[in-house]
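If you read the sequence shown in our numbering, its first letter stands for residue 43, the second for the next number, and so on.
The beta carbon of each residue, even a glycine, is placed where N, CA and C say it ideally should be.
The structure appears right after this line, and notes come after that.
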Amino acid sequence: MSAAQRSTENAESKLRAQPWWTVEQSGYEKEIRKLEYYWKTMRDEANKILKQNKDRFPLEDEGLLDTGDWRQLTLDQRGQQNKKNCQLVPKTCEIISQFKQATGNIRGQIKFSIMTPGTHVWPHTGPTNCRLRAHLGLSIPKGVEIRVGSETRSWENGKVLIFDDSFDHEVWHRGTESRLILIIDFWHPDLPLWERQSLAPI
Numbered sequence: 043m044s045a046a047q048r049s050t051e052n053a054e055s056k057l058r059a060q061p062w063w064t065v066e067q068s069g070y071e072k073e074i075r076k077l078e079y080y081w082k083t084m085r086d087e088a089n090k091i092l093k094q095n096k097d098r099f100p101l102e103d104e105g106l107l108d109t110g111d112w113r114q115l116t117l118d119q120r121g122q123q124n125k126k127n128c129q130l131v132p133k134t135c136e137i138i139s140q141f142k143q144a145t146g147n148i149r150g151q152i153k154f155s156i157m158t159p160g161t162h163v164w165p166h167t168g169p170t171n172c173r174l175r176a177h178l179g180l181s182i183p184k185g186v187e188i189r190v191g192s193e194t195r196s197w198e199n200g201k202v203l204i205f206d207d208s209f210d211h212e213v214w215h216r217g218t219e220s221r222l223i224l225i226i227d228f229w230h231p232d233l234p235l236w237e238r239q240s241l242a243p244i
């Protein structure tokens, strides 16, 4: 592990440790490119629910929010599909169900994330180095940024950012419109099958 990683539930195996990853490095390029291909379908389903009733997206409840409004709609957690929420966005859940390294990840989540202007998320880390986290841009205004480690980047519509959330990361929304992304956790490509099967859920 890198000294910059702050997670506590870590793998026994030696895993590559770097804050940012490319799609090609992820080991799951085919699955991730498919998510990018269908980004408008997923955006439209999420926006439909938000327009009907934004309270279907519960407020963030982990104490990570400094200022603003940050809501999430969980579709899969600890390797279990949220059937109630998937009824709201069936096309999205059908698309992500084909990414088995994500839906079968007992140490991960798949969820929509909506953030309003003026939001700041405190620096924080995920609980484990066993996964990587992908953010698929669905509605990205100007003025939104994410820092992982010492490098800050911005999202793009229809494109995935991949990072290791066991590294310290932080988010700012200095724009004027809401930011919508899909978050997908998937197994670290260096984590062997035997260890994936032996780990406890988080």
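If I measure Cβ to Cβ from residue i and keep anything under 7 angstroms in the same chain, skipping five residues before and after, which residues do I get?
| i | result |
| --- | --- |
| Arg149 | Thr170, Cys172, Arg173, Leu241, Pro243, Ile244 |
| Ser139 | Thr145 |
| Lys201 | Glu78, Gly179 |
| Arg238 | Trp229 |
| Leu233 | Ala53, Ser55, Leu57, Cys172 |
| Cys128 | Leu117, Cys135 |
| Gly191 | Ala46, Pro61, Phe209, Asp210 |
| Leu224 | Met84, Phe154, Leu178, Leu180 |
Determine which residues share a DSSP beta bridge with residue i and list them.
| i | result |
| --- | --- |
| Phe205 | Trp62, Arg175 |
| Ile244 | Looking at the DSSP assignment, Ile244 forms no beta bridge with any residue, so it has no partner. |
| Thr116 | Lys153 |
| Ile225 | Lys153, His177 |
| Arg98 | DSSP, once it has assigned bridges, lists no residue as partnering Arg98. |
| Thr109 | His162 |
| Trp214 | His162, Glu187 |
| Gln140 | DSSP lists no partner for Gln140. |
| Thr194 | Arg189 |
| Gln47 | Phe209 |
| Gln246 | Nothing about residue 246 can be read from this structure; the chain reaches only from 43 to 244. |
State the CB to CB distance for the pair residue i and residue j, rounded to an integer number of angstroms; the pair is presumed to be in contact (CB under 8 angstroms).
| i | j | result |
| --- | --- | --- |
| His230 | Leu101 | About 29 angstroms; that fails the 8 angstroms criterion. |
| Ile137 | Tyr80 | 5 angstroms |
| Ile131 | Glu87 | In the sequence on display, residue 131 carries Val and not Ile. With 8 angstroms as the limit, Val131 and Glu87 qualify as a contact, their Cβ atoms being about 4 angstroms apart. |
| Arg85 | Ser181 | 6 angstroms |
| Glu193 | Pro61 | 6 angstroms |
| Phe154 | Leu203 | Incorrect: roughly 15 angstroms between the Cβ atoms, too far for contact. |
| Arg263 | Asp227 | Residue numbering for the chain in the displayed model covers 43 to 244; residue 263 lies beyond these limits and cannot be assessed. |
| Asn147 | Gly121 | 6 angstroms |
Suppose the cutoff is 6 angstroms on Cβ atoms and the five residues either side in sequence are ignored; what does the same chain contact list for residue i look like?
| i | result |
| --- | --- |
| Val213 | Val163, Ile188 |
| Thr134 | Met84, Glu87 |
| Gly185 | Arg216, Gly217 |
| Glu51 | Pro169, Thr170, Ile244 |
For residue i, which residues in the same chain have their Cβ closer than 8 angstroms to its Cβ, ignoring the five residues on either side in sequence?
| i | result |
| --- | --- |
| Thr167 | Gln47, Arg48, Ser49, Asp207, Ser208, Phe209, Asp210, His211 |
| Lys96 | Arg113, Ile156 |
| Val65 | Glu71, Ile74, Arg75, Val202, Ile204 |
| Gln123 | Leu117, Cys135, Ser139, Thr145 |
Kindly say whether residue i, judged by its beta-carbon, lies nearer than 9 angstroms to any beta-carbon of chain B.
| i | result |
| --- | --- |
| Asp103 | Absence of chain B from the displayed structure is noted, only one protein chain being present. |
Check: Should the stretch 137–147 be called in touch with the stretch 95–112, which here means at least 3 C-beta pairs below 8 angstroms?
Finding: No: the two stretches stay apart, fewer than three of their Cβ pairs being nearer than 8 angstroms.
Next item on the list: Tell me, please, whether the stretch 211–231 touches the stretch 154–161 by the rule of three or more beta-carbon pairs shorter than 8 angstroms.
Entry: Contact between the stretch 211–231 and the stretch 154–161 is present, because at least three Cβ pairs lie under 8 angstroms.
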